[in-house]
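Quick notes on the structure that follows.
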Amino acid sequence: MTDDVILKISNLSKSFGPVRALKGVDFELRQGEIHALAGENGAGKSTLMNVIDGILQPDSGEILFDGVPVRIASPAMAQKLGVGFVHQETALCPDVSVAENIFMATTNASRSLLMNYRTLEQKAAEVLGELVDINPATLVRDLSISHQQLVEIAKALTLDCRVLILDEPTAALTEKEAQILFRIMRRLADKGISIIYISHRMVEIFDNCDRVSVFRDGQYITTRNVSEITPDDVVNAMVGRVIDELYPRKQTEAERSDEIILNVRNLNERSRFRDVSFQLRKGEILGLAGLIGAGRSEIVKGICQLEGEVSGEVALNGKTLSLSSYQDSIAEGIVYLSEDRKGDGIFLDMPIAGNVSALKPEQVANGFGLILRQKEESQAEALGARLNLKYGSLTDPVSSLSGGNQQKVAIAKMLSVNPKLIFLDEPTRGVDVGAKAEIHRILRNLAASGVGILVISSELPELIGVCDRVLVVREGRISGEVTGDRMTEENIMHLASVGGAQAAIQ
Amino acid sequence: ADGLKCEPGETYIMNVMVSGHPYWVPVYQGFKQAAEAFGCKTVFSGTPDYDITKQIASFEQDMVKQPAGILLHPMQADPFIEPINRAIDSGTEIVTFAADSPKSNRTSYITSDNLAEAKFAAEEIVKQVGDSAEYAVLENPGQSNHDLRVTALISYMEEHYPNMKLVGRQATNQDSNAAYRATGSILQANPNLAALWIPEAGSAEGAVAAVLEAEAKVLIMHADVTPTTLEHIKAGNIHMALNPNQGMQGFMGFMATFLAAHSDVFDPFNDYKVSGYNPVQIPYVDNGFAVITKDNADSFDLNVYMEGRDPS
Amino acid sequence: MEDAVSLTGAPENKSPEVSFIHRLLRMRETGLIAIILVLFIVMSFASPYFLTWVNMRAMVMAFAVEGIVVVGMTILLISGGIDLSVGSVTALAMVIAGWLFLNGVDPWVASAISIAACTGIGAFMGFFVTRVGLHHFIVSLAIMVIARGACLLGTGGRPLGLFTLPPEFKFIGQGSIGPIPVVIIIFLAVVIGFDFMLRRTTLFRKVFYTGSNEKAAAYSGIRTKRVIFFTTTLCSALCGVAGIIYMARFGSAQPTFGIGMELNVIAAAVIGGASLKGGSGTIFGAILGAVLLSVVSSSLALLDVSVYWQDIIRGSILLTAVSIDHYLVKKRA
Amino acid sequence: MEDAVSLTGAPENKSPEVSFIHRLLRMRETGLIAIILVLFIVMSFASPYFLTWVNMRAMVMAFAVEGIVVVGMTILLISGGIDLSVGSVTALAMVIAGWLFLNGVDPWVASAISIAACTGIGAFMGFFVTRVGLHHFIVSLAIMVIARGACLLGTGGRPLGLFTLPPEFKFIGQGSIGPIPVVIIIFLAVVIGFDFMLRRTTLFRKVFYTGSNEKAAAYSGIRTKRVIFFTTTLCSALCGVAGIIYMARFGSAQPTFGIGMELNVIAAAVIGGASLKGGSGTIFGAILGAVLLSVVSSSLALLDVSVYWQDIIRGSILLTAVSIDHYLVKKRA
Ligand SMILES: Nc1ncnc2c1ncn2[C@@H]1O[C@H](COP(=O)(O)OP(=O)(O)OP(=O)(O)O)[C@@H](O)[C@H]1O
Ligand SMILES: Nc1ncnc2c1ncn2[C@@H]1O[C@H](COP(=O)(O)OP(=O)(O)OP(=O)(O)O)[C@@H](O)[C@H]1O
Ligand SMILES: [Mg+2]
Ligand SMILES: [Mg+2]
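Structure (structure tokens):
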């Protein structure tokens with residue numbers, strides 16, 4: 001890292017109608033540094049990055065590249081300046097191959113008239129090789145959301161850039177991939193590339209970044225060397241107060257119950273998972289861990305009949321269920337929060353209130369099936385307040401919210417009905433620390449009140465912090481279970497990657 | 001009133017559907033010529049669309065202007081009964097042309113005799129190819145005058161020339177490309193095809209292209225005419241076209257409307273005064289048709305005719 | 001490129017300060033209303049006949065029945081579908097009912113059977129879309145051709161004269177209650193009813209969810225295929241209703257009726273803010289779109305514009321109006 | 001509900017074991033080819049004239065010119081657009097060139113001017129779509145009306161007889177080189193050329209990217225508006241080319257030519273696997289779609305099926321064929 005400032009932003013503002021997303025912010029990026037951005041959901045991080053990438057135009061303020069003022073009119077122009085960007089929401093072309101997606105910018109800039117698919121795929125395989133094993137010829141639409149995230153990263157890595165922006169790249173990644181990414185980041189930084197890294201995970205920031213800038217409510221707060229501060233300082237700067245308790249208290253020995261809420265036996269799906277059996281007890285929060293593509297989502301979706309042709313036995317509160325569709329599952333009080341929020345979690349073009357009520361619009365309707373606007377909005381308002389949702393108006397479309405706030409809408413939707421059993425797939429994806437703690441507290445309270453809670457998360461500290469018990473999935477099988485003191489990152493990683501059933505740590 | 005003359009501002013409207021169609025042009029010229037002779041104003045109106053609700057709306061809008069009379073080409077018979085009667089009740093006389101609304105109170109109907117056309121065409125075909133040959137027709141189901149030209153020819157053949165064999169019958173709906181296609185297929189299936197009867201000119205353009213391309217020897221006859229089919233007639237590719245006398249249609253159309261509006265000059269020996277209907281009732285006027293062949297084709301060039309005339 | 005997001009399908013912000021005027025200004029439809037008003041003012045100066053009761057009546061009558069089809073199409077568009085067969089199915093409704101009537105069936109019974117048949121056609125399309133998995137476009141195109149063929153087959157290509165329909169039946173197409181034609185009353189009832197339902201009922205809310213993001217809707221427990229089946233069927237059923245009214249109005253059944261109607265109807269919905277990608281649109285807006293198209297056509301006819309110019313002017317006004325509307329919507333957003 | 005994924009637009013998996021046969025089977029178009037083959041076999045038994053050279057030639061001639069428009073439409077669909085004005089613009093191309101010719105301009109020059117004018121119309125639409133931000137559907141609908149009006153205005157509604165076109169000009173529409181009609185040669189050149197470019201050139205790959213996810217493409221630095229502008233313009237330009245060939249074939253310019261052509265052309269592309277949502281489709285598939293539609297029509301005519309049954313049978317075959325194709329595509333996936 002040098003002290004040369006490559007990118008300098010001063011007094012930059014950006015509003016969306018009445019919402020002032022950025023209020024005169026300053027920012028400075030040095031050559032070869034990994035610079036973290038921290039801030040609550042809706043603080044304006046992504047907006048600032050979109051301005052740097054030419055996707056949005058600022059209302060006022062100045063951007064200096066190498067000390068020269070520039071107006072970045074489009075992503076194409078940003079690319080010419082050497083900006084690479086991994087978006088918070090994956091932006092890939094579903095109908096074309098992974099290889100073509102990765103080299104889209106290159107193809108665009110290339111002078112050659114013809115496509116050379118062979119080299120394209122070879123090169124794509126090289127770039128991907130380090131990250132993940134995906135056939136470059138697959139269509140992107142056939143990839144899971146986490147694989148898409150990796151493709152998105154690979155895409156940015158191929159750019160010959162001077163500034164690389166990573167907007168919450170690890171939100172859908174597991175520890176293993178995240179570590180690979182950090183290694184690559186460091187290598188790039190050593191080559192002199194400057195990296196802006198956005199994350200809500202303090203550990204990542206403190207382990208991998210050089211400096212951190214904090215934003216709050218569209219305002220720039222401070223920039224510090226990571227070595228000089230503590231995570232608590234950052235959180236304090238972000239939220240304006242210290243969050244004392246990151247994770248809620250776990251179930252005590254005394255509270256442990258033998259009552260079984262969910263009993264899954266010998267669940268099989270042709271290609272995705274085999275012989276899955278587990279139980280979820282009353283009062284506990286159960287976690288599912290595993291590597292990308294291990295089959296966690298598949299198992300859970302299978303149980304509630306969202307996907308696949310599943311055989312096996314599922315019993316809720318002692319009653320064997322014969323579900324044939326997700327509607328049946330909802331009728332039984334089982335709901336699923338999707339990991340792919342944009343794809344199947346929310347209705348981007350619809351108002352916030354309408355999103356929250358989507359699972360059971362009947363709840364906000366009168367006896368004649370007429371939706372009562374007041375009721376619908378007060379529902380959204382109440383849940384929104386609980387989750388610290390930041391919005392302009394409840395009639396605004398969800399697309400106007402920041403990523404983390406969109407996730408909160410998706411969660412609010414789940415909480416709006418009173419389910420007996422909730423499957424949460426990456427529930428805190430992109431959610432800031434404060435709201436995350438709140439979501440954890442809500443989950444704990446629900447569990448205590450007898451609701452079954454099963455959490456899938458790629459963030460091991462979260463699983464360990466929240467769950468009373470964690471099941472580890474490897475290649476479509478449950479490879480083990482950890483509880484209590486044995487619940488450590490090492491043990492889980494071990495079970496997820498090499499350990500077989502015999503290595504189960506019980 | 002001062003004899004058979006229009007009051008200042010007295011207006012007559014000609015209302016049609018698909019108002020951009022060239023068929024109306026000579027009709028309206030005839031209409032206008034007659035009107036000028038009586039010092040009357042004329043307006044060409046209707047809808048550019050093939051849409052009956054739009055035509056009815058335009059007809060009702062014509063009524064708002066309180067014209068003395070409307071020469072109407074009703075797209076469909078029955079839907080116009082009520083509007084026509086309402087117009088007459090409010091003092092606007094209605095005459096139909098080229099298509100009728102017989103159950104309405106319109107005072108006259110001016111048209112070509114499609115049956116006569118069909119009969120003439122049938123006789124000509126037999127004269128040219130003999131009375132035991134294969135023939136085919138293109139058609140445009142749903143449009144009554146075209147339908148009549150086709151069905152009448154077929155039944156005339158069946159009745160008078162039972163050895164004439166109908167080998168192909170395709171709907172081409174005035175679309176030259178569809179006609180090109182259909183004729184191609186008919187020619188493939190029937191190498192001995194001798195004659196082709198087409199009830200309108202648009203399809204004839206496509207049909208003749210297909211016949212020329214297949215180098216087949218087929219006698220083509222059609223109704224109506226376009227510059228292109230005219231050229232084909234001159235070149236001998238099309239044998240003959242039967243063209244309704246459009247000018248006469250418009251001219252007589254105006255006369256019938258005008259007379260209905262000026263019926264006060266007429267006091268016939270009948271019950272009209274007590275029954276309250278218009279004394280100038282002319283149930284049916286045949287405007288006749290012209291036979292276009294190589295020899296007289298030059299007289300049927302609409303572009304030449306329209307030179308120096310105002311289309312509207 | 002993005003379609004305007006319709007806000008009116010959803011509840012408005014109702015914090016007390018937000019006045020009625022403010023809400024009106026925020027409505028998706030305000031721009032369209034303004035454009036139509038301007039047209040009205042211009043026209044009332046241009047032609048003394050424009051603002052007459054008879055002309056207004058003629059103008060409304062010209063789109064009222066088609067307006068019922070517009071309602072069905074808008075709902076279908078919101079759910080993410082499209083229907084090219086509306087014109088043929090409307091014609092077929094006339095033909096079926098007319099044919100039955102001519103064969104001695106009571107006209108009311110004949111109408112009921114005909115509407116049921118159209119509903120069946122819609123269900124048939126719904127089946128191909130939801131079960132077989134074909135696209136609405138291609139299924140409805142095939143049905144458009146088939147239904148037109150059935151019209152020809154049922155009539156031999158000639159209109160069925162139904163002059164003998166009893167007066168109480170013709171009343172629904174030709175009668176008036178007071179000064180207001182029955183057709184317009186039916187039209188308003190359908191429009192107001194469906195507009196209300198679409199804004200307020202849980203059933204129709206699901207139509208929005210499905211069209212906005214089918215997968216997310218399925219993940220919210222909505223049986224999206226049923227919803228699409230329902231909207232597809234509803235659209236054809238409304239074509240059936242329209243066909244019966246046309247029959248009563250015209251006293252005939254025309255096998256060639258409604259050719260090209262689909263484009264008109266879809267255009268009205270799209271001008272009114274419906275997205276071809278699904279998820280947004282309002283009945284009110286779509287009807288305003290129909291009004292706009294109709295006012296433009298009527299005005300040109302009323303002003304005796306040369307037919308050779310009419311299409312050019314009509315298309316240009318359409319393009320201008322839509323551009324202005326788009327500009328206004330964007331500006332307010 | 002999801003559109004069939006076209007695999008052929010993208011490179012195939014080329015691991016060496018994958019044999020040619022295997023690749024053939026994996027192609028999106030295989031199902032369609034099979035269906036067309038079955039139709040051919042059935043027809044060659046049903047009619048002795050079917051499998052004759054002359055009939056085949058006539059059949060290809062029947063869709064060749066429209067096929068050029070299909071190419072333009074497919075590319076536009078892939079980029080996420082649609083064009084309802086193809087029929088009118090094709091007619092306008094005939095009218096402009098014909099009018100110029102009648103006014104003494106050399107026919108080749110007249111044709112060039114006419115094609116340039118159509119390109120201009122496409123650019124005009126592209127402007128409204130990319131700069132003003134309107135939807136393709138509504139812009140092209142307005143242009144469809146305006147272009148038709150311009151045809152009427154330019155001809156006074158009367159077809160222009162162009163019998164005096166020089167023979168070397170008519171040659172492009174009516175002549176043959178050896179046994180092969182010139183029209184077919186032009187058609188094949190256009191199809192093969194664009195099919196190749198669409199699969200292999202970087203320029204046309206951007207069309208896929210833009211249609212698949214406009215935002216993602218823009219984020220990769222692709223000037224998506226330019227791409228859409230380009231595809232919109234190209235489609236109109238190809239309509240211009242088609243119009244000129246029609247003019248040479250028919251020796252006339254008909255202001256009413258091509259009414260309803262848009263549905264046929266879009267149907268061909270969609271049958272061939274193009275998605276109305278953009279991002280997928282192939283020229284080869286679209287042409288197979290056109291072949292399918294054409295073979296069905298020709299066969300019905302060849303078998304002299306009653307006019308009143310033709311539409312019903314045609315629609316049913318279309319629906320069946322598309323269902324089978326969809327089933328085959330899904331099964332292979
Ligand atoms: N297109 C838009 N329209 C209206 N408001 C928007 C739009 N995009 C962002 N905003 C608003 O701008 C503010 C900043 O959003 P931004 O996405 O930059 O937050 P963020 O810091 O990235 O949050 P997160 O951590 O949740 O991703 C939010 O209040 C958001 O609602
Ligand atoms: N639509 C699909 N078709 C075929 N295979 C799929 C599909 N979706 C997922 N898979 C495969 O199923 C396996 C399990 O995927 P799943 O998404 O359940 O993993 P996961 O453990 O939830 O991990 P993550 O969500 O982090 O990727 C993976 O190998 C994945 O590639
Ligand atoms: Mg963000
Ligand atoms: Mg998962």
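Chains as they are written, first to last, in the working numbering: chain A, 1 to 506; chain B, 1 to 312; chain C, 1 to 333; chain D, 1 to 333. Note that the Cβ used here is the ideal one computed from N, Cα and C, for glycine as well.
Which chain C residues sit within Cβ distance under 7 angstroms of residue i?
i	result
D:D311	V145, I146, R148, G149 and L152
B:V313	The structure shown has nothing for residue 313 of chain B, since chain B only spans 1 to 312.
B:G20	V307 and Y308
Select from the options the residue whose C-alpha is nearest the C-alpha of residue i.
i	options	result
C:T372	C:I121, C:I96, C:M27 and C:S275	Given that chain C is displayed from residue 1 to residue 333, the structure contains no residue 372 of chain C and the question cannot be resolved.
B:Q340	B:K165, B:D264, B:V150 and B:F251	Absent from the model: residue 340 of chain B. The displayed extent of chain B is 1 to 312, so no value can be given.
B:P322	B:A171, B:I88, B:N243 and B:A214	As shown, chain B starts at 1 and ends at 312. That puts residue 322 of chain B outside it, with no answer to give.
D:V71	D:F101, D:A46, D:M197 and D:S88	D:M197
A:M202	A:Y220, A:I243 and A:I221	A:I243
D:F63	D:K225, D:V295 and D:A248	D:V295
A:T428	A:F278, A:I464 and A:G404	A:G404
Heavy atom of ligand 3 less than 8 angstroms from the Cβ of residue i, yes or no?
i	result
A:Q88	yes
A:P168	Correcting the residue type first, residue 168 of chain A is Glu in the shown sequence and not Pro. For ligand 3, at least one heavy atom lies less than 8 angstroms from the Cβ of A:E168.
A:I52	no
A:G430	yes
A:S199	no
A:S399	no
Look up residue i in the DSSP assignment and give the residues it is bridged to.
i	result
A:I85	Note on residue identity: the sequence assigns Phe, not Ile, to residue 85 of chain A. Beta-bridge pairing links A:F85 to A:I165.
A:V482	A:V470
B:S108	B:V95 and B:I282
Examine ligand 6 and report whether any of its heavy atoms sits within less than 8 angstroms of the Cβ of residue i.
i	result
A:T47	The ligand content of the structure shown is limited to ligand 1, ligand 2, ligand 3 and ligand 4, which means ligand 6 is not among them.
Which bits of chain A does residue i rub up against, with CB to CB less than 7 angstroms?
i	result
D:A216	A91, L92 and C93
C:R223	Q327
List, in order along the chain, the chain D residues whose C-beta lies closer than 9 angstroms to that of residue i?
i	result
B:R169	D304, S306 and V307
Could you check whether the Cβ of residue i sits closer than 8 angstroms to any heavy atom belonging to ligand 1?
i	result
D:V265	no
D:V219	Note on identity: in this sequence residue 219 of chain D is Tyr, with Val being the wrong assignment. Answer for D:Y219: no, Cβ out of range of ligand 1.
A:Y220	no
A:D396	yes
A:F182	no
A:K436	no
For a contact defined as C-beta to C-beta under 7 angstroms, what are the partners of residue i on chain D?
i	result
A:V96	A10, F208, Y209 and S212
Listing by chain order, which chain D residues have their CB less than 8 angstroms from the CB of residue i?
i	result
C:A142	G315, S316, L318, L319 and V322
Residues of the stretch 256-279 of chain D with Cβ closer than 7 angstroms to any Cβ of chain C, in chain order: Within the stretch 256-279 of chain D, contact with chain C at the beta-carbon level (separation under 7 angstroms) is assigned to L263, A267, V270, I271 and L276.
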